[in-house]
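Down below is the structure, laid out as structure tokens.
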Amino acid sequence: MNIIDAIKEVLEAKIPFDTYDKLSIYLKDVKFMFFDIINPYVDNILISINNPHFYIDGLCDYSNIIFLDRFCCKSGASKIRVSNRLNFDVNLSTHIKNLFFNKKCDASLYDLIHDIKKNKMQISIGPTIFENSYNQSGMNSIKKSYETLLAFSMLDRNSYDSIKNGNFDSNPISQDYVFADNIWGVMRKSKNENNDLEKHKILFCLLSKMYLLKWDNTSRNKEIDLLNFALDDLNVYCENELFFCMKYLENDKNIKPFFDKVQPNSKNTIKKIENIAWDFLHIRLMENSLAVQSNENNVYYLYYFATADKALHNIIKYNPINRIALYDSKVYPVRKHNISEIIGLDLYNSLHNRNRTPYLVSKLNKLYIELKNEINKNFN
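Okay, structure coming up:
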């Protein structure tokens, strides 16, 4: 047995602790988190924040969590150190910038800042940095992007009371400029790296194919056609994104608002599809951050996503992670839903034995251009 097979057995086990004990020789460098087993022992974990205009969501139900690795006893009663990291969506980053540079703020934003400070959440602007690094409208607006970076540094050093009372320091100081300059350098460097941009292209292609199938009257089984496209043309299997795309093709009313931003007569269709791809990619990168940041010192980093987009909030809540393994900076998630609910268990189980063509960047780039042209031809 290899490590990956052992990980799979633990994730699929009804009683994972017994399976972990049996296979522990293979799993010494693997961390597990379970969210579908009640655990009364772990504290210092944010349960929820209620706000009428802004949403904070975890990848899973962090209030019901069990950690399992070579440092933890299986009861979950050992003391676990947890760090809550909050990623800001680009739309919410704009609100923070307006607070400090335009003095625009409503009660909901004040409440959000209060909850963040109260729960001692570490703020991350990873999504803003990431998206603005690649997005054509990101770093091109130098003043807007740079002020956003300054605003986050100012948010970090100002107390909630000073912000609430309007007595906060809205003039950047040297440490704010140092922070902004450092992040700006990271953004410029990221702009020249293609790894994450490649992932965005994959999701753009999958979404574009979904929209083309959505209004294709000749397709008899749109869900299977999309699956075949992912496996045979893209040569990539993105289960969570495939699940949502298939549910949209089935006209699931719960997720329609998220995808209905694109219609046959929509304007700026390419831009809208790109933005939806960014949303999915932010979720995926948060998963990866769980694995990269959680270290051998028994510290677990739990990531949340803050957004003003209710449709995106509903997507995150719709399909949370039930169990996850972290190994070698990779994540192995088991979500509440998967595509077996749509295509059937037999076909789902057979996917692992299916012959796949090797993934090629050159093929992706060709598909990316072709699908853009097809979208422009059939939409707008």
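The numbering used here numbers the first residue of the sequence shown as 14 and each following residue consecutively.
Don't be surprised by glycine CBs; every beta carbon is placed ideally from N, CA and C.
Label residue i either buried or exposed according to how many other C-beta atoms from any shown protein chain fall within 10 Å of its C-beta, with 16 as the threshold for buried.
i	result
Leu373	exposed
Ser137	buried
Gly89	Note that Gly89 has pLDDT 47, beneath the 50 cutoff, so the model's placement of it is unreliable and no number is given.
Asn295	Note that residue 295 corresponds to His in the displayed sequence, not to Asn. With 16 or more Cβ atoms within 10 Å of its Cβ, His295 is classed as buried.
Glu354	exposed
Val312	exposed
Ile60	Bear in mind that the predicted position of Ile60 carries a pLDDT of just 49, short of 50, making it unreliable; the figure below should be weighed with that in mind. The residue is exposed, with fewer than 16 neighbouring Cβ atoms inside 10 Å.
Asp341	exposed
Asp82	buried
Asp70	buried
Phe242	buried
Val103	buried
Leu358	exposed
Lys235	buried
Thr370	exposed
Glu144	buried
Pro346	buried
Ser76	exposed
Val305	exposed
Met14	exposed
Phe84	exposed
Ser302	buried
Asp189	buried
Pro65	exposed
Ser146	buried
How would you write the range of the beta strand (DSSP E) that residue i sits in, first residue to last?
i	result
Ser121	Run containing Ser121: none in the beta strand (DSSP E); it sits in the alpha helix (DSSP H), 120-131.
Gln135	135-137
Pro346	343-348
Any beta-carbon of chain C closer than 8 angstroms to the one on residue i?
i	result
Phe392	Here chain C cannot be found, since the structure has a single protein chain.
Could you pull the DSSP bridge partners for residue i from this structure?
i	result
Asn100	Ser137, Phe318
Arg220	Reading off the sequence shown, one finds Leu at residue 220, where the question assumed Arg. DSSP output for Leu220 lists no bridge partner at all.
Ile79	Phe47
Glu338	Glu is not the amino acid found at residue 338; the sequence shown has Ala there. Per DSSP, Phe45, Tyr345.
Tyr313	Val95
Gly71	Tyr317
For residue i, report the span of its alpha helix (DSSP H) as first-last.
i	result
Arg369	Element bounds for Arg369: n/a, residue is neither H nor E.
Tyr173	173-177
Tyr331	323-331
Gln306	282-306
Tyr33	29-36
Phe242	Where Phe242 is concerned, there is no enclosing alpha helix (DSSP H), given that its DSSP letter is neither H nor E.
Val275	It is not in any alpha helix (DSSP H) - Val275 carries neither H nor E in the DSSP assignment.
Arg170	155-170
Asp265	Segment: none, Asp265 is in no alpha helix (DSSP H) and carries neither H nor E.
Asn362	358-363
Lys21	16-25
With a threshold of 7 angstroms, establish whether the CB of residue i neighbours any heavy atom of the ligand SAM.
i	result
Ile79	The ligand SAM is not part of the structure shown, which contains no ligands of any sort.
Touch test, the region 327-337 against the region 113-125, Cβ-Cβ under 8 angstroms, three pairs minimum: Short answer: they don't touch.
Contact the region 221-238 vs the region 271-290: 3+ CB pairs below 8 angstroms: Segments in contact, yes.
Three or more C-beta pairs below 8 angstroms linking the region 322-333 and the region 266-273: Yes, since at least three Cβ pairs between the region 322-333 and the region 266-273 fall closer than 8 angstroms, the two stretches touch.
Sufficient close CB pairs (3 or more, under 8 angstroms) joining the region 345-353 to the region 172-192: No: fewer than three Cβ pairs fall under 8 angstroms.
Three-pair Cβ contact test at 8 angstroms for the region 156-167 versus the region 107-114: Segment contact: the region 156-167 against the region 107-114, three or more CB-CB distances shorter than 8 angstroms; contact assigned.
Segment contact flag, the region 31-51 with the region 284-302, C-beta cutoff 8 angstroms, min 3 pairs: Two segments are said to touch when three or more pairs of C-beta atoms, one from each, lie closer than 8 angstroms; by this definition the region 31-51 does not touch the region 284-302.
The region 183-201 touching the region 209-225, judged by at least three CB pairs closer than 8 angstroms: Counting Cβ pairs under 8 angstroms, fewer than three are found: no touch.
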